[in-house]
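S.K.: Using this note's numbering, you'd call the opening residue of the sequence shown number 125 and step up by one each time. Cβ atoms here follow ideal geometry from the backbone N, Cα and C, with glycine treated the same way. Quick caveat: nothing in here was measured; it's all calculated off a predicted structure.
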Amino acid sequence: MELQAVTGQLYVVDGTPQAPTAVPGVLAQSAPAKAARGRAADFLFVHLSLAGQPEETAVLSQDLLDAFVRRYYQSGGSVTAALRGALNQVNELLLRLNLSGAGAAREGAITCAVLRHGELFLLQAGESLALLGHNFGIERLPARAPDRITPLGRTAGLDIRYYHQRLQTGDMLLLADPRISHLPTDSFSDAPV
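(1) Counting along the chain, where does the alpha helix (DSSP H) carrying ALA182 start and finish?
(2) Looking only at DSSP bridge pairs, what is GLY232 linked to?
(3) So the alpha helix (DSSP H) SER224 belongs to, where does it begin and stop?
(4) Out of ARG220, ILE284, LEU211 and GLY232, which has the shortest C-alpha to C-alpha gap to VAL193?
(5) With respect to the beta strand (DSSP E) encompassing HIS288, which residues constitute its N-terminal and C-terminal limits?
(6) Report the residue from ASP283, ARG163 and PHE260 whose alpha carbon sits nearest the alpha carbon of ARG195.
(7) If you follow the beta strand (DSSP E) that GLY257 is part of, which residue opens it and which one closes it?
(8) Grab me the residues of THR235's own chain with a C-beta within less than 6 angstroms of its C-beta, minus the 5 sequence neighbours each way, in chain order.
(9) Given 8 angstroms as the limit, is there contact between the stretch 260–274 and the stretch 195–205, that is, 3 or more CB pairs closer than that?
(10) If you draw a straight line from the alpha carbon of LEU217 to that of ASP190, how long is it in whole angstroms?
(11) Give the straight-line distance between the Cα atoms of GLY257 and ASP295, rounded to the nearest whole angstrom.
(12) Let me know the secondary structure DSSP gives ARG303 once reduced to three states.
(13) On a CA-only basis, which of ARG230, GLY200, ASP166 and GLY201 is nearest THR181? Give me that one, please.
(14) How is GLY261 classed by DSSP in three states: helix, strand or coil?
(15) Near MET125, which residues of its chain fall below 6 angstroms by C-beta distance, leaving aside the five closest residues on each side in sequence?
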């Protein structure tokens, strides 16, 4: 049985859920009609967080997400290579913008994942957070804060974390804002339900 992605978004500002709208920097989508060979079955998830207020970074976030999606779905090769290529392109675009001095410097974090035939491929850079809910508990990705975190947009060299999971029916993925990463994993037990 092929697993399907059922998605939803929750946007909370200062403890108040916001009206149902697209969350800035969040994307969940199936492959477009003209995807590269081998990408047709890929369902892509991206959570991009940029420093600053969401209303200040929404347009830039969307531009970076659009670049990510284009690059990923036009890339051949393995899932991780395509994710890494798209992630590096977004980092390069943000770094170039920061070096140009046009506007406030922006740094960030990204979690990107692909669901393909029951497998989840996930990459992270910067201070990002994902939770994977299984029938036996919640797995935090990363399990603990990395010793060294290089934000997106600061340097050409990124510390990219890779994860691979075989999913079961009922597993749930939560891509969360890194500003809640200080919370203990137990406090998320009801979140993916």
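M.R.: So, from the data block:
(1) 178–198
(2) LEU174 and LEU276
(3) Where SER224 is concerned, the enclosing alpha helix (DSSP H) stretches over 203–224.
(4) LEU211
(5) Its beta strand (DSSP E) spans residues 285–290.
(6) Checked all of ASP283, ARG163 and PHE260; the closest Cα to ARG195 is ARG163.
(7) 253–258
(8) HIS171, GLN248, SER252, ALA254 and LEU299
(9) Fewer than three Cβ pairs drawn from the stretch 260–274 and the stretch 195–205 lie within less than 8 angstroms of each other, which leaves the two stretches out of contact.
(10) 12 angstroms
(11) 5 angstroms
(12) helix
(13) ARG230
(14) strand
(15) Note that MET125 scores a pLDDT of 47, beneath 50, so its modelled location is shaky; the value from the coordinates is reported in the next line. Once the five neighbours on either side are set aside, MET125 has no close Cβ partner at all.
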